[in-house]
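A short write-up of the structure that comes next.
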Amino acid sequence: MSFDLKHLPHTFADLVIANPLNAAVIKSYCDQPPAKPLLLAGPPGAGKTEAARVIAQNHFLRAQGHCMHWEHNAASLGKDFEDKIMAEVNYQMFGNSDKALIVINEIDEMDLRSVQPKFREFMDTKRHLIRFVATTNHKNRMMGAMLSRFRVLAIDPPSNTDWVPRVLSMLQAEGLNPTIQDVAQMLQSFNGTARDLIDLVEETVIASKVATL
Ligand SMILES: Nc1ncnc2c1ncn2[C@@H]1O[C@H](COP(=O)(O)OP(=O)(O)O)[C@@H](O)[C@H]1O
Ligand SMILES: [Mg+2]
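For the sequence shown, position 203 matches number 203 in UniProt numbering, and the numbering has no gaps at all.
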């Protein structure tokens with residue numbers, strides 16, 4: 001398995017979330033989700049999709065049911081979102097009384113005039129059946145009436161300091177034993193996206209394995 005896939009976050013503790021207030025809300029959706037749909041809004045690479053996936057995975061563990069196509073991108077969902085989503089909702093709810101959970105990434109990709117009003121109505125009529133967790137890079141491209149149905153969390157990309165504990169645990173999982181100061185120093189001058197950061201961690205692991213041969 002590739003290094004980045006191996007180190008994808010699985011639990012709330014694996015997520016790197018800059019703001020402690022946001023972390024508390026995301027934790028509440030992992031533990032015992034409030035009824036209100038959740039929208040994670042912020043720039044690309046902030047970790048929105050990974051947080052939505054961890055919330056969903058927690059839900060599926062709790063519900064102990066089935067799930068199949070629970071994660072969608074609004075751009076590919078298109079106009080007939082209702083059929084696609086309801087097929088999954090029925091699948092998740094077969095023999096299971098708990099609500100279904102659906103993740104919709106880049107929800108602003110729904111057409112503002114033709115799709116968003118229908119989606120807002122869909123959310124209202126199915127609210128007793130579906131928990132929605134959505135992400136967006138462009139909150140301003142969303143219809144106000146749809147936005148107001150969500151608990152909106154503005155997520156900022158974590159700083160290098162925020163990443164230190166997570167990087168330490170990734171290195172430890174790879175059999176390395178750095179101190180927290182070593183990791184802080186390793187990340188000090190790093191200037192890139194979360195994806196580049198994972199690559200840097202991989203390079204560090206490879207370099208240390210070469211050094212110990
Ligand atoms: N806690 C984490 N641990 C490991 N990788 C992470 C973590 N958070 C984010 N990533 C990685 O960072 C990248 C960006 O995260 P993503 O959730 O896709 O951002 P967004 O949806 O906000 O654009 C992805 O490659 C993801 O796997
Ligand atoms: Mg995303």
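Glycine included, each C-beta is placed from N, C-alpha and C at the ideal position.
Let me check you understand the geometry: is the CB of residue i closer than 7 Å to at least one non-hydrogen atom of ligand 1?
i           : result
residue 164 : no
residue 47  : yes
residue 135 : yes
residue 14  : yes
residue 176 : no
residue 107 : no
residue 7   : yes
residue 141 : no
residue 35  : no
In terms of residue numbering, what span does the alpha helix (DSSP H) encompassing residue i cover?
i           : result
residue 7   : Taken as a continuous stretch (DSSP letters only), residue 7 belongs to no alpha helix (DSSP H), as it is neither H nor E.
residue 120 : 116–125
residue 154 : No alpha helix (DSSP H) holds residue 154; the beta strand (DSSP E) holding it covers 151–154.
residue 21  : 20–31
residue 211 : 194–211
residue 147 : 144–147
If you follow the beta strand (DSSP E) that residue i is in, where does it begin and where does it stop?
i           : result
residue 105 : 100–105
residue 215 : Residue 215 is absent from the model: the chain starts at 1 and stops at 213.
residue 130 : 130–136
Near residue i, which residues of its chain fall below 6 Å by C-beta distance, leaving aside the five closest residues on each side in sequence?
i           : result
residue 137 : 44
residue 98  : 63
residue 3   : 202
residue 36  : 151
Going along the chain, which residues of its own chain have a beta-carbon closer than 7 Å to the beta-carbon of residue i, five neighbours each way excluded?
i           : result
residue 11  : 54
residue 85  : 102
residue 30  : 12, 54, 55 and 58
residue 180 : 164 and 168
Please state if the CB of residue j and the CB of residue i are separated by a distance shorter than 8 Å.
i           : j           : result
residue 208 : residue 176 : yes
residue 174 : residue 152 : no
residue 146 : residue 172 : no
residue 134 : residue 107 : yes
residue 56  : residue 103 : yes
residue 160 : residue 188 : yes
residue 82  : residue 100 : no
residue 200 : residue 183 : no
residue 7   : residue 142 : no
residue 51  : residue 40  : yes
residue 74  : residue 105 : yes
residue 131 : residue 9   : no
residue 18  : residue 162 : yes
Quick one: does the C-beta of residue i sit closer than 7 Å to a heavy atom of ligand 2?
i          : result
residue 22 : no
residue 58 : no
Less than 8 Å between C-beta atoms, sequence neighbours within five positions excluded: which residues of the same chain meet that for residue i?
i           : result
residue 129 : 89, 93, 99 and 100
Query raised in the report: Does the segment 105–115 come close enough to the segment 58–65 that 3 or more CB-CB pairs lie under 8 Å?
Result: Under the 8 Å Cβ criterion, the segment 58–65 does not count as touching the segment 105–115, having fewer than three qualifying pairs.
Report task. State whether the segment 12–21 contacts the segment 70–89, with contact taken as three or more CB pairs (one from each stretch) at a distance under 8 Å. Result -> These segments do not touch.
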